[in-house]
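Peer 1: Going by the working numbering, the letters in the sequence shown line up with residues 24 to 404, in that order.
For each residue, glycine too, the CB sits at the ideal point set by N, CA and C.
Before I ask anything, let me first share the structure, which is written out below as structure tokens.
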Amino acid sequence: MAEMDFPSELLDIIFELSEDDTRPDDHASKATLVPFLLVCRKWYPAAERRLYRSIKLNSNIDEGARISREWATQRIIKTLKNARIAALVTELRVVTYDLQHTDTQSRNELISMCPNLLHIEITGYESSEPKLTKLKEVLVKKDLVSLKVHCNNGHAFCKMSELFRMMEHWPKLEKVVFERLALDSEYDASLCTLPASVLCPRLREFDFCDSVPLNEHELRGLLAISGTTLETFRAQIENDENAHAAFRDCLAVWAPRLSILDLSWNRAPHGPIDAACGAMHSLKSLCVSAELMRPEAVSSLPALEVLYYFVSSTDEVEELTSFLKKSERNRQAVIRLPLLRNITLWPQNYHQFGNAAMSRLRVMCAARSIRLEDSKIMLGV
């Protein structure tokens, strides 16, 4: 049979469509790529590159699993001893819920073996300080583009000040995600001196929404490291005036590029941040309280598509409804939030809300083809 001469870009699309993303483990989903290795010599390099580009090791939930994690890990390590294959790996995801000492050693070995590793996702890690230190030492030797850490044992992966020190080694870093309290609440200012220049000029996403609140020093450190490129910011902010002032300074720099903003305060914040809304021309998704960003400010966001809104009074609901109404300017209809398609409302106290206010908001959303979800209904209250 004649060799099939397709452009490599087209082959990548074919192979991507062939992968079975519905399978529970990475081994089964990757198995669909194996036959492509045998088609012809021209298909082999593209199929091999796709096969080893991303490696995922799942933790076995049941004892009857067809492939044990230990067996799979050792087979992968044996395969990656081939330097040519190890150079193809750019993404490593390790999910472990019953972590053992051998898992830590194998994971560190896997990370060290792949010279071109760009994306690392870690779910589960040993909590002892020596083993965590060793893992961090291995990570800083990589030129990472993204890092995602998920805590499942209640022990933090690192302090924010330590993370800043690690980020100094990743000038190409674009994405940092820490989930489920993977960040330590203790902050060591002595470990974090604000850099004289931007260390991560490509940083686009910073997601600490499920972690501890960020304080003034952490926010200013992040601002110094990230520069003006941030597009996604999810985090809790400490409820004090200094942290609030630091966050205002961050927004003054980030606002023009922000696409997703997800904020939470432990208590009522120190005044709104409405002034920054005028520069948020690209914001598409917003999660915020009405105390922090009032309805009038929200209505000035031209690109907003999704709104998660925490409200504490009927007046805030009525005000939001009024800004969704069409108005006229110079005899022309003016529609605020023209791209808005979804609102999720989170009342802080359901007993304060009358049915009339919510009914008017529902009618207005229906007229604008905006989907309105009430968390009271979603939670079965």
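Suppose contacts are defined by Cβ-Cβ distances below 9 Å. Is ASN139 in contact with LEU167 by that definition?
Peer 2: Taking 9 Å as the Cβ cut-off, ASN139 and LEU167 do not qualify as a contacting pair.
Peer 1: Going by beta carbon distance, what residues of the same chain come within less than 6 Å of PHE201, once the five residues before and after it are set aside?
Peer 2: Answer for PHE201: VAL172, PHE231 and SER234, listed in chain order.
Peer 1: Take MET189 and list the residues in its own chain whose beta-carbon comes closer than 7 Å to its own, dropping the five residues that flank it on each side.
Peer 2: Excluding sequence neighbours, MET189 sits near LYS159, LEU162 and VAL163.
Peer 1: How would you write the range of the beta strand (DSSP E) that ARG116 sits in, first residue to last?
Peer 2: Note, ARG116: beta strand (DSSP E), 114-118.
Peer 1: For HIS178, which of helix, strand or coil comes out of DSSP?
Peer 2: If DSSP states are grouped into helix, strand and coil, HIS178 belongs with coil.
Peer 1: Tell me which same chain residues have a C-beta within less than 6 Å of the C-beta of CYS137, skipping the five on either side of it?
Peer 2: Contacts found: ALA109 and VAL112.
Peer 1: Please say whether VAL357 and LEU343 have beta carbons closer to each other than 9 Å?
Peer 2: No, the pair does not count as a contact, with Cβ atoms beyond the cut-off.
Peer 1: Going by C-alpha to C-alpha distance, which of ASP297, CYS310, MET303 and GLY301 sits closest to SER287?
Peer 2: Closest by alpha carbon: CYS310.
Peer 1: One question on the structure: do SER282 and LEU306 come within less than 9 Å of each other, judged by their Cβ atoms?
Peer 2: Yes. Within cutoff.
Peer 1: What ranges does the beta strand (DSSP E) occupy inside the segment 314-359, keeping only unbroken runs of at least 3 residues that lie completely in it?
Peer 2: Entirely contained in the segment 314-359, the beta strand (DSSP E) runs reaching 3 residues are, in chain order, 329-334, 350-352 and 355-357.
Peer 1: With burial defined as no fewer than 16 other Cβ atoms inside 10 Å of the residue's Cβ, what is the status of ARG107: buried or exposed?
Peer 2: Result: exposed.
Peer 1: Ends of the alpha helix (DSSP H) at VAL386?
Peer 2: Residues 378-390.
Peer 1: Which one of LEU196, LYS165, TRP193 and SER151 has the shortest CA to CA distance from PHE180?
Peer 2: Selected option, being the one with the closest Cα: SER151.
Peer 1: Please classify ASN105 as buried or exposed, where buried requires at least 16 neighbouring CB atoms within 10 angstroms.
Peer 2: Its Cβ having fewer than 16 others within 10 Å, ASN105 is exposed.
Peer 1: Alpha carbon to alpha carbon, how far is ILE100 from ARG76? Give it in angstroms, no decimals.
Peer 2: So the alpha carbons of these two residues sit roughly 15 Å apart.
Peer 1: How would you call LEU362, buried or exposed, if buried means at least 16 neighbouring beta carbons within 10 angstroms?
Peer 2: Answer is exposed; the Cβ neighbour count stays below 16.
Peer 1: Considering only DSSP beta bridges, list what VAL57 is partnered with.
Peer 2: According to DSSP, VAL57 bridges with nothing at all.
Peer 1: Fully enclosed by the segment 230-265, which beta strand (DSSP E) runs are 3 residues long or longer?
Peer 2: Listed in chain order, the complete beta strand (DSSP E) runs (minimum 3 residues) inside the segment 230-265 are 255-260.
Peer 1: Take ALA268 as the anchor and find which of LEU395, THR252, PRO295 and LEU115 has the nearest alpha-carbon.
Peer 2: That would be PRO295, whose Cα lies nearest to the Cα of ALA268.
Peer 1: If I follow the unbroken alpha helix (DSSP H) through ARG225, where does it start and stop?
Peer 2: Looking at the DSSP string, ARG225 is not in any alpha helix (DSSP H), and its letter there is neither H nor E.
Peer 1: Could you spell out the range, first to last residue, of the beta strand (DSSP E) harbouring PRO370?
Peer 2: Start and end: 365-370.
Peer 1: Report the option in THR146, ARG130, PRO68 and ALA302 whose CA atom is closest to the CA atom of ARG98.
Peer 2: Minimum Cα distance to ARG98 is reached at ARG130.
Peer 1: Pull up the distance between the alpha-carbon of SER308 and that of THR367, whole angstroms please.
Peer 2: The alpha-carbon atoms of SER308 and THR367 are separated by roughly 11 Å.
Peer 1: Pull up the distance between the alpha-carbon of CYS174 and that of LYS165, whole angstroms please.
Peer 2: Spanning the two alpha carbons is a distance of roughly 21 Å.
Peer 1: Might you give, ordered along the chain, the residues of its own chain that have their beta carbon closer than 6 Å to the beta carbon of TYR332, omitting 5 neighbours on each side?
Peer 2: Excluding sequence neighbours, TYR332 sits near LEU368.
Peer 1: Would GLU239 and ASN262 be called neighbours here (beta carbons separated by less than 9 Å)?
Peer 2: No, the Cβ-Cβ distance between GLU239 and ASN262 is not below 9 Å.
Peer 1: ARG72 lies in the alpha helix (DSSP H); which residues open and close that run?
Peer 2: 66-76 is the span of the alpha helix (DSSP H), which, as asked, contains ARG72.
Peer 1: Excluding the 5 residues preceding and the 5 following ARG359 in the sequence, name in chain order all residues of the same chain whose CB lies nearer than 6 Å to its CB.
Peer 2: Cβ neighbours of ARG359 beyond the five flanking positions: SER322 and PHE346.
Peer 1: If we call anything under 9 Å between Cβ atoms a contact, is LEU222 one with ILE260?
Peer 2: No, these two residues do not count as a Cβ contact at 9 Å.
Peer 1: Who pairs with VAL172 in a beta bridge, going by DSSP?
Peer 2: Paired residues: ILE145 and PHE201.
Peer 1: Three-state secondary structure (DSSP) at LYS307?
Peer 2: Residue state, collapsed to three classes: coil.
Peer 1: With a threshold of 6 Å on Cβ separation, who are the neighbours of LEU395 within its own chain once the five nearest residues in sequence on each side are excluded?
Peer 2: So the list reads ILE366, ARG385 and CYS388, once near-sequence residues are dropped.
Peer 1: Helix, strand or coil for ARG394? Go by DSSP, reduced to three states.
Peer 2: Strand.
Peer 1: Note down the Cα distance separating LEU284 from THR156, rounded to an integer number of angstroms.
Peer 2: Rounded to the nearest angstrom, the two C-alpha atoms are 32 Å apart.
Peer 1: Can you tell me the Cα-Cα spacing of GLU39 and LEU253, whole angstroms?
Peer 2: The alpha-carbon atoms of GLU39 and LEU253 are separated by roughly 29 Å.
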